[in-house]
Amino acid sequence: MTSAPAAPATGKCPFNHGFDAMGDDYFADPAAHFGSVRDETPTFFYPHLNAWIITRREDALTVLGDWKKFSSAANSAMIEVPEEHQHIISPDLISRVLVGSDPQGHTIARGVAQLGFLQEDMDALEPEIEARAHRIIDSFEANGKGNLLEDYCLELTTQTLLAHMGLGYEYADFIKQLRDDFFQVLASAQEPFEEPMRSIVWKRYTESNLTLREIIESRRESDARDLISIMASQKNEDGQYVLGADQIAIHLTEFAAAGTDTTAQAMANALLFLQDNPEAKDDAILEPELWTRVFEETVRRRPSSTFASRMSMIDVELSGAKIKKGDMVWIALASTNTDPDYVEEPFAFDIHRPDPEDHLAFSTGRHKCLGNPLARVQGAAGLKVLFERLPSVTVDDPEALDFVRFALLPARRSLWVTWDVADIERSKQQVVRTLNLTVAQRREESDGVISLTLRHPDGGELPAWKPGAHLDLHLPGEDGETLLRQYSLSSDSHDRSSYRVAILREADGRGGSMTAHDRVREGDTLTVSWPRNNFRFVESSNYLFLAGGIGITPILAMIREAEKAGKKWRLVYGGRTRASMAFTEELAAYGDRVQLVPQDEFGHLDLSSLLGEPAEDTLIYCCGPEGLLQAVEAGSAHWPKNSLRLERFSPKPITRDYDDEPFEVEFTESGTTVTVGAEASILDAAARAGLSVISSCKEGTCGTCETPVVSGDVDHRDSILTPDEQATNDTMMTCVSRAARGCGKLLLKR
Ligand code: HEM
Ligand code: FES
Numbered sequence: 001m002t003s004a005p006a007a008p009a010t011g012k013c014p015f016n017h018g019f020d021a022m023g024d025d026y027f028a029d030p031a032a033h034f035g036s037v038r039d040e041t042p043t044f045f046y047p048h049l050n051a052w053i054i055t056r057r058e059d060a061l062t063v064l065g066d067w068k069k070f071s072s073a074a075n076s077a078m079i080e081v082p083e084e085h086q087h088i089i090s091p092d093l094i095s096r097v098l099v100g101s102d103p104q105g106h107t108i109a110r111g112v113a114q115l116g117f118l119q120e121d122m123d124a125l126e127p128e129i130e131a132r133a134h135r136i137i138d139s140f141e142a143n144g145k146g147n148l149l150e151d152y153c154l155e156l157t158t159q160t161l162l163a164h165m166g167l168g169y170e171y172a173d174f175i176k177q178l179r180d181d182f183f184q185v186l187a188s189a190q191e192p193f194e195e196p197m198r199s200i201v202w203k204r205y206t207e208s209n210l211t212l213r214e215i216i217e218s219r220r221e222s223d224a225r226d227l228i229s230i231m232a233s234q235k236n237e238d239g240q241y242v243l244g245a246d247q248i249a250i251h252l253t254e255f256a257a258a259g260t261d262t263t264a265q266a267m268a269n270a271l272l273f274l275q276d277n278p279e280a281k282d283d284a285i286l287e288p289e290l291w292t293r294v295f296e297e298t299v300r301r302r303p304s305s306t307f308a309s310r311m312s313m314i315d316v317e318l319s320g321a322k323i324k325k326g327d328m329v330w331i332a333l334a335s336t337n338t339d340p341d342y343v344e345e346p347f348a349f350d351i352h353r354p355d356p357e358d359h360l361a362f363s364t365g366r367h368k369c370l371g372n373p374l375a376r377v378q379g380a381a382g383l384k385v386l387f388e389r390l391p392s393v394t395v396d397d398p399e400a401l402d403f404v405r406f407a408l409l410p411a412r413r414s415l416w417v418t419w420d421v422a423d424i425e426r427s428k429q430q431v432v433r434t435l436n437l438t439v440a441q442r443r444e445e446s447d448g449v450i451s452l453t454l455r456h457p458d459g460g461e462l463p464a465w466k467p468g469a470h471l472d473l474h475l476p477g478e479d480g481e482t483l484l485r486q487y488s489l490s491s492d493s494h495d496r497s498s499y500r501v502a503i504l505r506e507a508d509g510r511g512g513s514m515t516a517h518d519r520v521r522e523g524d525t526l527t528v529s530w531p532r533n534n535f536r537f538v539e540s541s542n543y544l545f546l547a548g549g550i551g552i553t554p555i556l557a558m559i560r561e562a563e564k565a566g567k568k569w570r571l572v573y574g575g576r577t578r579a580s581m582a583f584t585e586e587l588a589a590y591g592d593r594v595q596l597v598p599q600d601e602f603g604h605l606d607l608s609s610l611l612g613e614p615a616e617d618t619l620i621y622c623c624g625p626e627g628l629l630q631a632v633e634a635g636s637a638h639w640p641k642n643s644l645r646l647e648r649f650s651p652k653p654i655t656r657d658y659d660d661e662p663f664e665v666e667f668t669e670s671g672t673t674v675t676v677g678a679e680a681s682i683l684d685a686a687a688r689a690g691l692s693v694i695s696s697c698k699e700g701t702c703g704t705c706e707t708p709v710v711s712g713d714v715d716h717r718d719s720i721l722t723p724d725e726q727a728t729n730d731t732m733m734t735c736v737s738r739a740a741r742g743c744g745k746l747l748l749k750r
C-alpha cells in the first residue's frame, strides 16, 4: 500500500519542501525526520496527503482534545463500499468503525468495546500470551535465523488476539487475512482501490463479516471473559443488545487490523533500539519488570501509528498555519513524542524516564487507543520471552528499509535476525519450559486411578520425550495456589500428538492428586512442564520391570520401547487388589511376560525369588511406593553395580543426626557468593541474591534445579541421583542438598 499523492492544494501555507512521507529518511526514523522540519514549520501543509501536519505536542493536544472542532468521521467517510456488497455492509455500517466515527455513535460502541479491554482481563491474559510466545519460539529456535517480524512478532500478536477473542488456533489464517483486507479497505479512503483487488478484497471482507456475525450470535448469552462474548452480551436498560452483530463484526475486523501489526511493529522496533542501547537490554534481561519500560520507550520514540488524523470543523490557526473548515489535519505522534519543548533528551532511548507513559503513541482523548492495555501487556511479555529464550538475537541489517510505504502506519515487512543456537541449552537452565495443554480425554483406569490425555490446542506436535520422562502438572490448589506434581508419561513416546499421564487418588497425600481427580475435567487447560527425564531408559539386552500400583506408568512406556527394540523383558506388577491396578487390559497384549500380583490374592511381590539370582545382562527398573523401592534396593544389593534404576515422586526420607549449619556458595559464572543459612536452601539464597535460578518441586524429586558442582563436598538429599551419581559429585539439586558437614564453601556453576 502507498499513499497516493493527492493533487497539490494551492494557497495552503506554510509548506515544507524538505518533508517527504514516502522517503527513506521518514521510514528510517519518522521522529527524526519530523524533527528536521519542526522548528521551521511546526504546522505545515503536505499536499501528498492533502492534509496539514501538526508536529508540536501542544497543538496536538488542542486537536485531539476536542472532537467537536476536530472530527474523526472523515476517516471512514471516504471508504466506498462496492454496490454489490452494500446489502451486507452498508456505507452507514462501515462508517461506524471506531477510528472513523464521532459521538454519539462512537461513545456507545466504545463503551461496549472498552469492557473487552479491562486491565485486569489483560493481566489475566498474560500467562497465555507467554505460553504462546514460548510455543512459537519452540517451533523455530533451532534455525538460528529468521524473519522475526513474520515468524514471531506477527504470529504472537495474531495468536494473542485469537486467545482474547476466544477463537481456536484454526482461525489464525482467517484473522491474518482479515487484518490485510481491512487495512486495504481503510487505505481505500485515501487512495483509489484498483480492480481486480477491489472486488477480491471486498468479497473476502464481506464473507468474513458474515462468519463473524454467526460467532457473535452464538455468544449472545455467554458470560465468558473473551472479547466477543463480552461485546455480544452487553444489553441496555431495556434488555436489548446494545450493538447489532453486524456492527460488532465491523469492530472485530477493526481490532484484527489495529491490534496485530501495531504491536508487532513495536516489538520489532524495540529490537532495533536495544541493539543500539545494549545497556538497556542488559538491564531488562536482569530485571524483567523493565520490559514494560522497554516497550513504552519504544513506542514513545517510534509510535507504530505515526499519525492520528482528523477533519477540522472550524477555521483555526495552529502555530501560524491557517487551517480552514473541512481541511484534514494529521497529528504527527512521532513528532509530538520528541517535542523538545516537552521531553528532555527527546531522541535518546531511555528506559528509565520518570514517567514512561507520558507520550502520545496511543493518542489521547476519546479515540485514545482502545487496545493499549492489551498492546502493553503483550508487547512487554513478547519481548521478555524472546530475550529469555534467545538473548543473543541480533538484527542482521539495522539499516534495512523493507517497508510497506504507507505514511500512516509505516509497516516493516521483515526483520531478519540471527541468534546463537547455544541460547537453546542456556535458556533451558534459566527458564522453566511449560505448555498449556487441553485435557482431551479423562478416563477411569481402575479403582482410584484416572488417566488424562493431553493435546496441544493448536493440534501440533508436542516436545519429544523418552520412556521414563515425567511432566510437572500445575494443578489448581484450594486457595488459588498452584500445586506442582510430577506424573510419568505412560503413552507411546513415538506418538508426538498427545501425552498421557495417570493419577492415583491419594486421600492422605499432599492434595495434588485429590485436586486432579476432583477438579480436572475434559476440555480444561492444564499447564505442564516440558517432559523431563530422571529415570532414563538405558540400553540393555534384558529388563526386569517391577511396578507397584501407580508406579506402572513409566514402566508402560519402557515396555513399549523394549518391545519395539526386540529386547527380552518381564514385568511383575503388584497392586492392592486386581480392581485397583490400572492398564491391565493394555498389558494383557503382552501375554505371560506380564505377571499381575494383586496383594489380596497373592500377597507382596516375592522379591527374594525375583532378585535372588543376580543377572549380569539385566537391568531392573522399579517404580512404586517407598516401601517397595526400599525393599528392592535392599533385595538387589548383591546385584552388579548400577543394575537397579528407580524413580521416586515423593521425597526419600532423609534424616541427619546433626543440625544443619550455614555455609557459603560461590556461583562461578556470575561471580556471586551467597551465605546459605541453617534453615535456608541454596535455591532460596540464590534467588534472594537476584540470580536467575529455576525450580519446580523444591523437594528434590523433579530435577529442575540441577546445578553443576565445580568444587566442594555435597550432602546430597535429593531423590533423583543414583548413589553413584551422588558420589561423583558432578551435579546437585540445590533445592534440598547442602554443603557436606565441615565443608564451608561450595563452588557451583551458574
Ligand atoms: C503498539 C501498539 C499500538 C499502537 C501504537 C496503537 C496506536 C493507536 C493510535 C495512535 C490510535 C488512535 C487514533 C486516533 O486518535 O485517531 C489507536 C486507536 C485504536 N486502537 Fe490502537 N494501537 C496499538 C495497539 C492496539 C491493539 C493491540 C488494539 C486492539 C486489539 C488496538 C485497537 C485500537 C482501536 C480499536 C482504536 C480506535 C479507538 C477509537 O477510535 O476509539 N490498538 N491506536
Ligand atoms: S526443584 Fe525439583 S529437584 Fe530441585
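Okay, so the sequence shown: first residue is 1 according to UniProt numbering, each after it adds one. Note that CB positions come from ideal geometry on N, CA and C, so glycine has one too.
Worksheet entry | Completely contained beta strand (DSSP E) runs for the stretch 13 to 84, where each covers 3 or more residues | 43 to 46, 51 to 54
Worksheet item: Residues bridged to PHE663 by DSSP?
Response: VAL676
Worksheet item: Going along the chain, which residues of its own chain have a beta-carbon closer than 6 angstroms to the beta-carbon of VAL112, five neighbours each way excluded?
Response: MET231, GLN234, VAL242, LEU243
Worksheet item: Is there contact between the stretch 301 to 320 and the stretch 279 to 289, where contact requires at least three CB pairs shorter than 8 angstroms?
Response: no
Discussion item. Which of the three DSSP states is assigned to LYS564 in this structure?
Written reply: helix
Item to complete: Please check the pair VAL377 and THR394, which I expect to be a contact at CB under 8 angstroms, by giving their CB distance rounded to whole angstroms.
Response: VAL377 to THR394, Cβ: 26 angstroms. No contact.
Worksheet entry | Sub-7 angstroms separation of PRO47 and THR55 beta-carbons | no
Discussion item. Check for me: the beta strand (DSSP E) holding PHE602 runs from which residue to which?
Written reply: PHE602 -> not in any beta strand (DSSP E); alpha helix (DSSP H) instead, spanning 599 to 602.
Fill in: In DSSP terms, what ASN436 is bridged to
Answer is THR527.
Worksheet item: Short check: CB of LEU544 to CB of ARG570, under 7 angstroms?
Response: yes
Worksheet entry | Any alpha helix (DSSP H) of 4 or more consecutive residues that is wholly inside the stretch 200 to 274 | 227 to 233, 245 to 258
Worksheet item: With a CB to CB cut of under 6 angstroms and the five nearest residues on each side skipped, what residues in its chain are close to ILE424?
Response: GLU141
Worksheet entry | For THR418, three-class secondary structure by DSSP | strand
Worksheet item: In chain order, what residues of the same chain have a beta carbon less than 6 angstroms from the beta carbon of THR618, not counting five sequence neighbours either side?
Response: ASN542, LEU544
Worksheet item: If we count Cβ pairs, one from each stretch, closer than 8 angstroms, do we get three or more for the stretch 281 to 299 versus the stretch 308 to 321?
Response: By the criterion of at least three beta-carbon pairs nearer than 8 angstroms, the stretch 281 to 299 is not in contact with the stretch 308 to 321.
Practice prompt. Tell me whether the beta-carbon of VAL572 lies closer than 7 angstroms to the beta-carbon of LEU504.
Written response: no
Discussion item. In this structure, how does DSSP classify TRP330 when only helix, strand and coil are distinguished?
Written reply: strand
Worksheet item: How is LEU161 classed by DSSP in three states: helix, strand or coil?
Response: helix
Discussion item. My parser needs the alpha helix (DSSP H) runs of 4 or more residues fully inside the UniProt domain "2Fe-2S ferredoxin-type" (663 to 750); what are they?
Written reply: 682 to 688, 723 to 728
Worksheet entry | Status (buried if at least 16 other CB within 10 Å, exposed otherwise) for ALA678 | Flag for ALA678 reads exposed.
Fill in: Residues bridged to ASP472 (per DSSP)
GLN486
Practice prompt. Identify, in the order they occur along the chain, each residue of the same chain with its Cβ nearer than 6 angstroms to the Cβ of PRO598, setting aside the five sequence neighbours on each side.
Written response: Counting only Cβ-Cβ distances below 6 angstroms, and skipping sequence neighbours, we find GLY575, THR577, ARG578.
Worksheet item: Where does MET311 fall in DSSP's three states?
Response: strand
Practice prompt. Give a yes or no on whether the C-beta atoms belonging to SER446 and MET581 are separated by under 7 angstroms.
Written response: yes
Worksheet item: Can you tell me whether HIS106 is buried or exposed, with buried defined as 16 or more other CB within 10 angstroms of its CB?
Response: buried
Worksheet item: GLY512 lies in the alpha helix (DSSP H); which residues open and close that run?
Response: DSSP places GLY512 in the uninterrupted alpha helix (DSSP H) bounded by 512 to 519.
Worksheet item: Where CYS623 and ARG521 are concerned, what is the direct C-alpha to C-alpha distance, given to the nearest angstrom?
Response: 27 angstroms
Worksheet item: For ARG570, which three-state DSSP category applies?
Response: strand
Practice prompt. Give the single residue among VAL714, TRP330, ASP402, ASP657 whose Cα lies nearest to the Cα of GLU664.
Written response: VAL714
Worksheet item: the ligand HEM heavy atoms versus the CB of HIS367: any closer than 6 angstroms?
Response: yes
Worksheet item: Are the stretch 248 to 262 and the stretch 208 to 223 touching by the rule of at least three beta carbon pairs closer than 8 angstroms?
Response: In this structure the stretch 248 to 262 lies against the stretch 208 to 223, because at least three pairs of beta carbons, one per stretch, are closer than 8 angstroms.
Discussion item. By alpha-carbon positions, which one of LEU721, PRO457, ILE555, ALA634 ends up nearest to ALA172?
Written reply: PRO457
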